[in-house]
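Take 1 as the starting number for the sequence shown in full-length UniProt numbering and just add one per residue.
See below for the structure under consideration.
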Amino acid sequence: MDTTSSWINIPAADGQFGAYLALPRGGKGPGIVLLQEIFGVNGHIRNVADQYAADGYVVLAPDLFWRHGPRIELGYDDADWRRAVELKNATDVELAQQDIGHAVHALRAQPGVQGKVGAIGFCFGGLLAYHTAANGQVDVAVAYYGGGIQHQLARAAQVRIPLQLHFGALDAHIPADAVARIATAFDDNDAVEVHVYDQAQHGFNCNHRASYQQRAAAQAHGNTLVFLSEHL
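Take a look at the structure:
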């Protein structure tokens, strides 16, 4: 990919944390804050950042597990799954939202960022993208298989920006009735889109996982790019 990447440091109230910055060819474009899965800013998330940078966006992926150790990077075997769940359960969601706010501020300050800033999140990051939308921290948000959104629907009325949600029809972690409740919560909000992909499981976008589903990943990526182009 014809992109440039580096790590930068972002100040927070209780320290500083790293974030992976990917720049498009020419170094300029709208901004995207990319929110990690429970596996950290690992190779997959960096690949996604590079992918969206190749699509013309300035992408910043903050390390949201930094309070447990800098740049924790996990894979998808059983041991790393257990560690990932431990880290997710130990992460204060309120502090993570504050960190995302700092990352958005840092992204807007990048000289190459032109226009608006969006958020895209996967798995745990999908839930955080939903919170980011409800907080009004960005101009548009996209959440892939955001586990737990169905338990946070009291915040649905606070979402006043365009929001796109992606789910797999075969997701064992987010069952069909949960997706239906989420969709119903946004029935009266024309700025919210819900996409469900047949034969897709949780993590269908990640080609590092056995649940990767190329067709769903391609469709979701296309839907995301159209959505971003309309709102950023």
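For every residue, glycine included, the Cβ atom is placed at its ideal position computed from N, Cα and C.
If you're wondering where the values come from, they're calculated on a predicted model, not measured in any experiment.
Whole-angstrom C-beta distance between residue j and residue i, which should lie under 8 Å
i, j, result
"Phe167", "Gly147", "Not really, about 10 Å apart at Cβ, beyond 8 Å."
"Ile10", "His131", "Their Cβ separation, rounded to whole angstroms, is 18 Å, which puts Ile10 and His131 out of contact at 8 Å."
"Pro24", "Gly56", "5 Å"
"Val93", "Leu107", "That pair is no contact at about 20 Å."
"Gln114", "Pro62", "About 21 Å separates the two Cβ atoms, so there is no contact after all."
Buried/exposed call for residue i, threshold 16 Cβ in 10 Å
i, result
"residue 233", "Beyond the ends of the chain as shown, which are 1 and 232, falls residue 233; an answer cannot be given."
"Val48", "buried"
"Ser211", "buried"
"Val140", "buried"
"His151", "exposed"
"Ala180", "exposed"
"Ala134", "buried"
Residue from the options with nearest C-alpha to residue i
i, options, result
"Gln97", "Ala143, Gln137, His151", "Gln137"
"Gln16", "Ala53, Ser6, Leu64", "Leu64"
"residue 234", "Gln36, Val142, Gly27, Pro30", "Any question about residue 234 goes unanswered here, given that the chain covers just 1 to 232."
"Tyr120", "Trp7, Ala185, Leu228", "Here residue 120 is Ile; the residue named in the question, Tyr, does not match the sequence. Minimum Cα distance to Ile120 is reached at Leu228."
"Gly26", "Phe39, Ile8, Ile45, Ala53", "Ala53"
"Phe204", "Gln213, Asp198, Tyr197", "Gln213"
"Ala183", "Gln199, Leu163, Val93, Gln201", "Leu163"
"Leu60", "Gly112, Leu95, Ala218", "Gly112"
"Val192", "Leu165, Arg71, Glu230", "Leu165"
"His221", "Gly115, Ala154, Val142, Arg209", "Val142"
"Leu232", "Asp190, Ile161, Asn207", "Ile161"
"Gly126", "Ile174, Glu230, Arg82", "Ile174"
"Arg209", "Lys28, Gly31, Phe39, Gly29", "Phe39"
"Leu95", "Val179, Ser6, Ala12", "Ala12"
"Lys88", "Ala156, Ala154, Leu128, Gln110", "Leu128"
"Ala156", "Ala185, Asn135, Ala216", "Ala185"
"Ala217", "Phe122, Thr3, Arg181", "Phe122"
"Tyr197", "Asn189, Gln219, Asp187, Arg181", "Gln219"
"Lys28", "His44, Gly43, Thr3, Ile8", "Thr3"
"Arg46", "Trp7, Asp190, Asp80", "Trp7"
"Asp14", "Asp99, Val58, Ala22, Asp80", "Asp99"
"His44", "Asp190, Cys206, Asn189", "Cys206"
Contact under 8 Å by Cβ, residue i with residue j
i, j, result
"Val104", "Val33", "yes"
"Tyr145", "Asp171", "yes"
"Asn223", "His202", "no"
"Ala90", "His68", "yes"
"Gln199", "Ala169", "yes"
"Glu86", "Val41", "no"
"Ser5", "Asp50", "yes"
Residues sharing a beta bridge with residue i, DSSP
i, result
"His195", "His166"
"Pro62", "Ala19"
"Val142", "Ile120, Gln164"
"residue 236", "Since the displayed the chain opens at 1 and closes at 232, residue 236 lies outside it and no answer follows."
"Asn9", "Gly18"
"Thr184", "BP columns for Thr184 are empty, so no partner."
"Gly29", "Val113"
"Gly40", "Glu37, Glu73"
"Thr4", "Leu23"
Residue i: CB within 7 Å of a non-hydrogen atom of the ligand ZN
i, result
"Gln164", "Inclusion of the ligand ZN in the displayed structure is not the case, the ligand content being empty and no account of it being possible."
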